[in-house]
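K.L.:
The following block contains the structure, expressed as structure tokens.
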Amino acid sequence: MVRRQLLKELVAGSQLPLPRNFGASANWRRICVRRRPSFEELQCVPRRSGSEDGKIGTVPTYSEVFSGISVGGHQLASVTHHAGSDDVVLFCHGFRGEKSGPNRTFVTLARALASHGISSLRFDQYGSGDSEGDFIDSRFDDWVSVIRILTRQYLSEGKRFALFGQSMGGSAVICAAAGLDVSAVVSWVPDASTDQFAPDPRGFVEEGGQRVDNAFWTEAHRADIVGKLKEVTAPCYLVFGTSDEYVSAPNREALINACQPTDQIDVFDGYPHSSWSFEQAEDIIRRSAAFFGTLSPP
């Protein structure tokens with residue numbers, strides 16, 4: 001099947017182990033530098049091959065649809081990557097983020113998955129990106145609720161549904177996955193938020209020119225993200241960087257220690273929170289796509 005071929009292509013030439021083979025050992029982590037794959041190996045971006053006479057050649061067998069979805073009373077902007085299969089990954093952006101992800105990494109990963117038969121839904125949370133609402137009204141609990149509503153909807157349709165998130169979106173998918181029958185969870189640089197949050201006396205926190213009500217962070221810090229991770233039964237892949245300017249070492253370690261023995265963890269030496277180089281992002285995208293690929297039935 002195409003997903004087995006995806007695995008063979010993505011791990012070719014590396015020492016990337018398979019998630020199903022991890023059970024014999026305890027939680028493991030790798031601070032690693034591996035052979036960098038070429039961008040062509042990822043087969044990320046669908047292309048129409050042109051001919052010499054200017055006519056369009058090969059057309060991708062999947063489609064990307066830009067639309068809006070109504071979830072929990074919110075009108076949210078979304079992009080669906082239709083790959084014609086029952087395997088679907090939900091993409092969840094981080095704090096102050098939007099559906100394309102940092103440096104469009106979500107787009108690249110979604111297209112890589114689609115080209116190998118795995119569909120995706122990328123969307124903007126309420127008050128973010130092109131969705132309705134104002135960012136100051138964002139709430140972490142609402143993020144989790146929206147993810148859970150979408151997950152239940154797709155599961156009720158018989159889809160094999162996986163969750164992907166970055167930063168606080170990664171934390172939100174961990175919380176949402178607890179108690180739900182998802183097929184996999186991939187979380188890039190999630191924050192456990194185990195430290196004490198001190199509300200700003202102005203009533204909001206400002207970061208990068210955007211303001212959010214104190215309630216967002218109050219909810220995140222009381223969400224017990226570490227406890228929720230312990231409840232997740234799906235295979236998980238977590239990615240961290242040792243030079244993360246937002247996720248502290250204690251918060252990183254708290255999540256690592258909450259993982260199951262069969263979960264996959266990558267800790268990359270010197271990597272920042274999200275401003276990865278092209279090659280760093282390319283490698284993490286490859287690993288994430290391979291992880292999703294191994295978990296779909298043949």
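In this text, residue positions in the sequence shown follow full-length UniProt numbering: the first is 1, and each later residue adds one. Every residue gets a Cβ at the ideal spot worked out from N, C-alpha and C, and that includes glycine.
If you follow the beta strand (DSSP E) that His74 is part of, which residue opens it and which one closes it?
P.N.:
74–82
K.L.:
Would the beta-carbon of Ile285 fall within 7 Å of that of Thr108?
P.N.:
yes
K.L.:
Hey, out of Ile118, Pro201, Gly133, Asn251, whose CA is closest to Gly293's CA?
P.N.:
Looking at Ile118, Pro201, Gly133, Asn251, the one whose alpha-carbon comes closest to that of Gly293 is Ile118.
K.L.:
Start and end of the beta strand (DSSP E) containing Val239?
P.N.:
It spans 236–241 - the beta strand (DSSP E) in which Val239 sits, taken as one unbroken run.
K.L.:
My parser needs the alpha helix (DSSP H) runs of 4 or more residues fully inside the region 188–247; what are they?
P.N.:
List check, alpha helix (DSSP H) in window: 214–222, 225–231.
K.L.:
Just to confirm, is the Cβ distance from Ser167 to Val189 under 7 Å?
P.N.:
yes
K.L.:
Just how far apart, CA to CA, sit Asp134 and Cys92?
P.N.:
18 Å
K.L.:
According to DSSP, simplified to helix, strand and coil, what is Arg287?
P.N.:
helix
K.L.:
Which first and last residues belong to the beta strand (DSSP E) in which Val89 is found?
P.N.:
87–92
K.L.:
If Ala83 sits next to Phe140, beta carbons under 8 Å apart, how far is it from one beta carbon to the other, in whole angstroms?
P.N.:
That pair is no contact at about 30 Å.
K.L.:
For Ser131, which residues of its own chain have a beta-carbon under 6 Å away from its beta-carbon, when the five flanking residues on both sides are left out?
P.N.:
Residues Leu76, Ala77, Asp124 of the same chain have their beta carbon placed closer than 6 Å to that of Ser131, with the five preceding and five following residues left out of the count.
K.L.:
Who are the Cβ neighbours of Gly208 in its own chain at under 7 Å, not counting the five residues just before and after it?
P.N.:
The residues Arg96, in chain order, have a CB closer than 7 Å to that of Gly208 in the same chain once the five nearest residues on each side in sequence are set aside.
K.L.:
For Arg148 and Ala176, which I take to be in contact (beta-carbon distance under 8 Å), what is that distance rounded to the nearest angstrom?
P.N.:
5 Å
K.L.:
Kindly indicate which three-state DSSP category Ile136 falls into: helix, strand or coil?
P.N.:
helix
K.L.:
In chain order, what are the residue ranges of uninterrupted alpha helix (DSSP H) at least 4 long that sit wholly in the UniProt domain "Serine aminopeptidase S33" (86–176)?
P.N.:
105–114, 140–156
K.L.:
Report the residue from Asn214, Ala192, Val173 whose alpha carbon sits nearest the alpha carbon of Asp200.
P.N.:
Nearest to Asp200 by C-alpha distance, out of Asn214, Ala192, Val173, is Asn214.
K.L.:
If you draw a straight line from the alpha carbon of Gly165 to that of Val89, how long is it in whole angstroms?
P.N.:
10 Å
K.L.:
Considering only their Cβ atoms, is the gap separating Pro272 from Ser243 smaller than 7 Å?
P.N.:
yes
K.L.:
Just list the residues that DSSP pairs Gly68 with in beta bridges.
P.N.:
Ala77
K.L.:
Quick one: grab the DSSP three-state call for Gln264.
P.N.:
strand
K.L.:
Quick check: His81 and Ser120, are their CB atoms within less than 7 Å of each other?
P.N.:
yes
K.L.:
Measure the alpha-carbon distance for Ala178 versus Gln210 and round it to whole angstroms.
P.N.:
30 Å
K.L.:
Mapping the DSSP letters down to three states, classify Ala178 as helix, strand or coil.
P.N.:
coil
K.L.:
Got a sec? Which residues, its chain only, sit under 6 Å from residue 299 by beta carbon, not counting five neighbours each side?
P.N.:
As displayed, the chain neither begins before 1 nor continues past 298, which places residue 299 out of reach and without an answer.
K.L.:
Start and end of the alpha helix (DSSP H) containing Pro272?
P.N.:
From DSSP, Pro272 is part of no alpha helix (DSSP H); its letter is neither H nor E.
K.L.:
Given a cut-off of 7 Å on the beta-carbon distance, is the pair Ile232 and Ala258 in contact?
P.N.:
Before going further, note that residue 232 is Val rather than Ile in the sequence given. It is not a contact, given that the beta carbons lie outside the stated cut-off.
K.L.:
Grab me the residues of Trp143's own chain with a C-beta within less than 7 Å of its C-beta, minus the 5 sequence neighbours each way, in chain order.
P.N.:
So the qualifying residues of the chain are Gln125, Ala172.
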